[in-house]
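Engineer: As numbered in the working numbering, residues 149 to 700 make up the sequence shown, in order. Just so it is clear, CB atoms sit at the ideal spot from N, CA and C, and this is done for glycine as well. My questions all concern the structure below.
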Amino acid sequence: MLNDPSRKYRAFPQIDLPDRQWPSRTIDKAPRWLSTDLRDGNQALIDPMGAEKKNRFFDLLVKVGIKEIEVGFPSSGATDFDFIRELVDGGRIPDDVAIQSLTQSRRDLIEKTFEAMAGAKTAIVHLYNAVSPAWRNIVFNLDKPGVKAIAIEGAQILAEQAAKYPQTDWHFEYSPETFSTAELDFSLEVCSAVMDILKPTVDKPIIFNLPATVEAAMPNIYADQIEYFGRHIPNRDAVVISLHTHNDRGTGIAATELGLLAGGDRVEGCLFGNGERTGNVDLVTVALNMYTQGLHPGLDFSDIDEVIQTVEYCNQLPVHPRHPYAGELVFTAFSGSHQDAIKKGFAHQAKRNDEIWEVPYLPIDPADLGRSYEAVIRVNSQSGKGGVAWVLEQDYGLKLPKKMQADFSRTVQELSDTTGRELTSADIWGAFQDRYFITKSGRFELFDYAENHSGTDRIFVGKLKVDGEFRSLSGRGNGLMSSVIAALADHGGPEMDIVDYNEHAIGHGAGAQAAAYVECRTADGRSLFGAGIDTDVATATVRALLSAANGI
């Protein structure tokens, strides 16, 4: 890297728009959406999609609710041309969906594009030519009039070809390609000339695609460009401003959102941001950003995993595990403090009297995207008691008291440090059963017991295996728990006092079980924790006390 990058690179100039309005606006309606997955996204793949994958992707876009789909570049070759003809001839395009195809401003290419889409109910022809200084001077060696003439000629051919196929409702899109690095006034001049040829109306507007072909400036500058264009284009009511941002600086989503504030009407992009170089804007993220602000985007991502699976299959590109909203890990907390906050957030959410979502670290309810809560908290060496307690509650119905959460979390921490990996739900459940002798044998193992009364006293009579031998134990107390503790103390067990006791049902109905938890203190001040599970709550309590005694 250069010590002085200004020798090689220049800061992008600001737009002269001192009274800009977009910073004080909010996005209050969903835009029109165009998917360019089958064109811009497809041409960026190492292995472009064949017919089977294109059809599968098209069906997904329709299912999600996208009404304008750029289906290809038919003049580029037989694959795209044949695919589009199959869509049209096979009647596979829903009546409320418009297909779109891209073409450069050349007669033979434009004619091929109309031939590919002829017969569709509604079709959009997307014409483009680059207008910025670098392309004029380096690529085309043309002056401004020469570049403008290309656009005018292309628009004339559009009108001519549309008249040739009257059975289709034709719409037109023109793109002053490389708009973001072109002079604004020249882009306006070229677009105005195209309007003079095609004569759009309020009922049948022209679409002007204003692309950040290569993202070269901060997103606020793109917003200024969009607002400036919208203010100065003639007959604005007959114009749809379409935003087509790329992600070269990593701010394609921000540029799109600010562009909508600045007057954009339509968003062009790809699912999960596929596209050339760093990609097109991600339609999923832009849409779900709106959703989290209380505005329905008009697209349905209720089954985000199905969308991911289809896109990954068709593109042969993975969706990153940290991808906003869609990644495998975006709703997952490993940190103990994060887990504790999320656990408390869900408990708070359950007590609310309204549906407003307010859970720390989760900007959207995973359930709205078809995700379960199982992966919200996952346990590794960074996890704390809240995360462990969450897994046991969500997967096994156990609601550990706070002090017992801390006690068990130490066991989980040791297991995680020993294994050196993330712990699964089964790992945690197995550790819980071992730690509290749920299925594992300890010094004291219950086989049967009876509870008798003598005046105000309770008498516990139990058949237990103690240190591997069957024995009958009995003890007297003012309740079941005190009589069990007395029986243990009289037969070689620890002397304990009850500090805390909790119980709850696991599940509902006749098959529900009971869970009991105890915290005991020994004569020398040690704390012992125990847990018991049984179909009978009293038996669960006895098992919890034996669990505590086994822990000494």
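1. Can you tell me which of 496, 508 and 613 puts its alpha carbon nearest to the alpha carbon of residue 479?
2. Between which two residues does the beta strand (DSSP E) harbouring residue 670 extend?
3. For the alpha helix (DSSP H) containing residue 374, list its first residue and its last residue.
4. Between which two residues does the alpha helix (DSSP H) harbouring residue 471 extend?
5. Mind checking which residues open and close the alpha helix (DSSP H) that includes residue 623?
6. For the beta strand (DSSP E) holding residue 454, just list the boundary residues, first then last.
7. Measuring only the C-alpha atoms, how far is residue 429 from residue 326?
8. Here's a check: name, in chain order, each residue in its chain whose Cβ is nearer than 6 Å to the Cβ of residue 319, leaving out the five neighbours to either side.
9. By the 10 Å Cβ neighbour count, where 16 or more other Cβ atoms means buried, how is residue 600 classified, buried or exposed?
10. What first and last residue would you give for the beta strand (DSSP E) that runs through residue 700?
11. Mapping DSSP to helix, strand and coil, what is residue 349?
12. Identify whether residue 652 lies in helix, strand or coil by the three-state DSSP scheme.
13. Just to check my reading of the structure: residue 741 and residue 160 have Cβ atoms closer than 8 Å, yes? What is that Cβ distance to the nearest angstrom?
14. Between residue 384 and the rest of its own chain, which residues show a CB-CB distance below 8 Å, the 5 nearest in sequence each way excluded?
15. Would you call the segment 327-346 in contact with the segment 263-283, where contact means no fewer than 3 C-beta pairs closer than 8 Å?
16. Report the option in 440, 520 and 197 whose CA atom is closest to the CA atom of residue 506.
17. Just the C-alpha distance for residue 353 and residue 386, rounded to the nearest angstrom, thanks.
18. What alpha helix (DSSP H) runs, 4 residues minimum, are completely inside the segment 299-363?
19. Whole angstroms is fine: what's the gap from residue 578's alpha carbon to residue 559's?
20. Determine the contact status of residue 205 and residue 462, defining contact as a CB-CB distance below 8 Å.
21. For residue 685, tell me which candidate among 655, 673 and 651 has the shortest Cα-Cα distance.
22. Based on the DSSP output, what are the partners of residue 276 in its beta bridges?
23. Is the beta carbon of residue 219 closer than 8 Å to that of residue 253?
24. State buried or exposed for residue 667, treating a residue as buried only when at least 16 other CB atoms are found within 10 Å of its CB.
25. Alpha carbon to alpha carbon, how far is residue 613 from residue 634? Give it in angstroms, no decimals.
26. Compare the C-beta of residue 452 against all C-beta atoms of chain D and say whether one is closer than 8 Å.
27. Relative to the alpha-carbon of residue 646, which residue among 562, 694, 640 and 662 has its alpha-carbon at the smallest distance?
28. Any idea if residue 574 is buried or exposed, counting beta-carbon neighbours within 10 angstroms, 16 or more meaning buried?
29. Residue 537 and residue 553: beta carbons closer than 8 Å?
30. Could you check if residue 390 is buried or exposed, using at least 16 other CB atoms within 10 Å of its CB as the buried criterion?
31. Reducing DSSP to helix, strand and coil, say where residue 164 ends up.
32. Residue 423 by DSSP, collapsed to three states: which one?
Structural biologist: Walking through what the data contain:
1. Residue 508 is the option with its Cα nearest to residue 479.
2. Here the beta strand (DSSP E) through residue 670 covers 661-670.
3. Where residue 374 is concerned, the enclosing alpha helix (DSSP H) stretches over 367-380.
4. Per DSSP, residue 471 belongs to no alpha helix (DSSP H) and is neither H nor E.
5. No alpha helix (DSSP H) holds residue 623; the beta strand (DSSP E) holding it covers 617-625.
6. Segment 452-463 is the alpha helix (DSSP H) holding residue 454; no beta strand (DSSP E) there.
7. Between residue 429 and residue 326, the C-alpha separation is close to 16 Å.
8. The answer, listed in chain order, is 272.
9. So residue 600 ends up on the exposed side.
10. Run containing residue 700: none; DSSP gives neither H nor E here.
11. Note: residue 349 maps to coil in three-state DSSP.
12. It is a strand residue.
13. What is shown of the chain runs 149 to 700, which leaves residue 741 out entirely.
14. Taken in chain order, the residues that qualify are 378.
15. Cβ pair count under 8 Å is three or more, so yes.
16. The candidate whose alpha carbon is nearest that of residue 506 is 440.
17. Distance between the alpha carbons of residue 353 and residue 386 is about 4 Å.
18. Entirely contained in the segment 299-363, the alpha helix (DSSP H) runs reaching 4 residues are, in chain order, 332-346.
19. Approximately 11 Å between the Cα atoms of the pair.
20. Between residue 205 and residue 462, the CB-CB gap stays under 8 Å.
21. With distances taken between Cα atoms, residue 685 lies closest to 651.
22. DSSP, once it has assigned bridges, lists 252 and 323 as partnering residue 276.
23. In this structure, residue 219 does not lie closer than 8 Å to residue 253 by Cβ.
24. Buried, because 16 or more other Cβ atoms sit within 10 Å of the Cβ of residue 667.
25. In a straight line, the C-alpha of residue 634 is about 17 Å away from that of residue 613.
26. Among the chains in the structure shown there is no chain D, since it carries only a single protein chain.
27. Residue 646 has its Cα closest to that of 694, out of 562, 694, 640 and 662.
28. With fewer than 16 other beta carbons inside 10 angstroms of its own, residue 574 counts as exposed.
29. With contacts defined by Cβ atoms closer than 8 Å, residue 537 and residue 553 form a contacting pair.
30. With 16 or more other Cβ atoms within 10 Å, it is buried.
31. Annotated three-state conformation of residue 164 is coil, per DSSP.
32. Residue state, collapsed to three classes: coil.
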